[in-house]
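Below: the structure, in structure tokens.
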Amino acid sequence: MCRVATATPAGRSTDRLRARIKEVGWAYVLGRLLPPEFDTALGQPGRHVPCPVHGGVDGFRFFAKGRALDPDGGGICNSCGAFADGFRILRWVHGWTFAEAAKRIEDLLGAETETPRPALLRQVPALRSGPDPERLRQRCREIWASALPLSADAAEPGRVYLRSRGYYGCDLKGLRDVRLHPCLPHFAKRARRPTGRFPALLVVFRNPLGQAINLHQTWLRPDGSGKADLPSNKQFRRVSEPRALSGGALRLFPLVGDTLAVTEGVETA
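Quick note, the numbering used here runs 146 ahead of the 1-based positions in the sequence shown.
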């Protein structure tokens, strides 16, 4: 049986496009066409990380060949499904058709040629190793510094929200690891621009040694009467190494006495 090449919208054959992708590598293509949430997974092929699309703990990974990304550029999420190659990854993440994905790749790689251009191999940057850990930590520090302690008058929406969830009989103003950010930007999954700015309850996430390593964010309605009407109104800040969160917790109160109360979330404490 002979193989018939399928033409792309730009009039170039699928076979030629696949050859061009093979020349530069799927790591190059995906690194530029996927949102930055995929940086960690691209930098560590084969390693389980939180799914950049639906979240979770460690359900997603790119297929690997040795320590490099598999030549087909595929990956798998335990919840979203398996994606055999880079085309399917792009279609899953962006909702593109095959033709749309092919067109985006062609636009990225430029004009086609009949024969490979060796110069391109020298232009391909090294595989990204993921987000800069210090940059992520600094962003957490900046957000925390710009938030208000619950004792501040302007932090009333945070106090209203916690009281509405049953925080009675405790000194809310004494919660040192909890603050209210008056207008924290909210990003929907896969979005590059913020949905808007809303009040957000911030809680410090500490590792077993008590060191602050992340922030948990809950976006609220302006008056604190409930969570903001957003598609994902509770999120952790992005981290460079998800495994660093293992064993950590949101410590609302100091460790005093012999009784330890463990709850599913901030609101159920």
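Each residue gets a CB set at the ideal place from its N, CA and C atoms; glycine is no exception. Computed from a prediction, not measured in an experiment: that's the story for all the values here.
For ARG325, the first and last residue of its enclosing beta strand (DSSP E) | DSSP places ARG325 inside the beta strand (DSSP E), whose first and last residues are 324–332.
Based on Cα-Cα distance, which residue from GLY219, TYR307, GLU183 lies nearest to ALA230?
-> For the residues GLY219, TYR307, GLU183, the minimum Cα distance to ALA230 belongs to GLY219.
Local Cβ density within 10 Å of GLU183, reported as buried at 16 or more and exposed below that | So GLU183 ends up on the buried side.
Relative to the alpha-carbon of THR160, which residue among PHE209, ARG285, ASP369, GLU252 has its alpha-carbon at the smallest distance?
-> Relative to the Cα of THR160, the nearest Cα in the group PHE209, ARG285, ASP369, GLU252 belongs to GLU252.
Ignore the nearest five residues each way along the sequence and tell me which others in PRO295's own chain have a CB closer than 7 Å to its CB.
-> Once the five neighbours on either side are set aside, the close Cβ partners of PRO295 are ALA301, ARG325.
Taking VAL170 as part of the alpha helix (DSSP H), name the residues at either end of that continuous run.
-> Note, VAL170: alpha helix (DSSP H), 160–170.
Determine which residues share a DSSP beta bridge with HIS431 and list them.
-> For the chain, the structure presents residues 147 to 415; residue 431 sits outside this window and is missing.
To which residues does DSSP link LEU228 through a beta bridge?
-> Just to set this straight, residue 228 is Ala in the shown sequence, not Leu. According to DSSP, ALA228 shares a beta bridge with ILE222.
Where PHE206 sits in the DSSP three-state scheme = Three-state result, PHE206: strand.
For THR205 versus HIS194, is the C-beta distance shorter than 9 Å?
-> Looking at the sequence shown, residue 205 is not Thr but Gly. Cβ atoms of GLY205 and HIS194: closer than 9 Å.
Does the beta carbon of ARG178 fall short of 8 Å from some heavy atom of the ligand NAP?
-> Inclusion of the ligand NAP in the displayed structure is not the case, the ligand content being empty and no account of it being possible.
Pull up the distance between the alpha-carbon of VAL350 and that of GLY212, whole angstroms please.
-> Between VAL350 and GLY212, the alpha-carbon positions lie close to 37 Å from each other.
Where the beta strand (DSSP E) containing VAL306 begins and where it ends | The continuous stretches of beta strand (DSSP E) do not include VAL306, which lies in the alpha helix (DSSP H) extending over residues 302–310.
Measuring alpha carbon to alpha carbon, tell me which of LEU396, LEU348, SER225, LYS335 ends up nearest CYS329.
-> Closest in alpha carbon position to CYS329, among LEU396, LEU348, SER225, LYS335, is LEU348.
By DSSP, does ARG213 sit in helix, in strand, or in coil?
-> Three-state result, ARG213: coil.
Measure the alpha-carbon distance for LEU163 versus ALA248 and round it to whole angstroms.
-> Cα to Cα, LEU163 sits roughly 8 Å from ALA248.
ASP369 versus ARG281: straight-line alpha-carbon distance, rounded | Cα to Cα, the separation comes out at about 32 Å.
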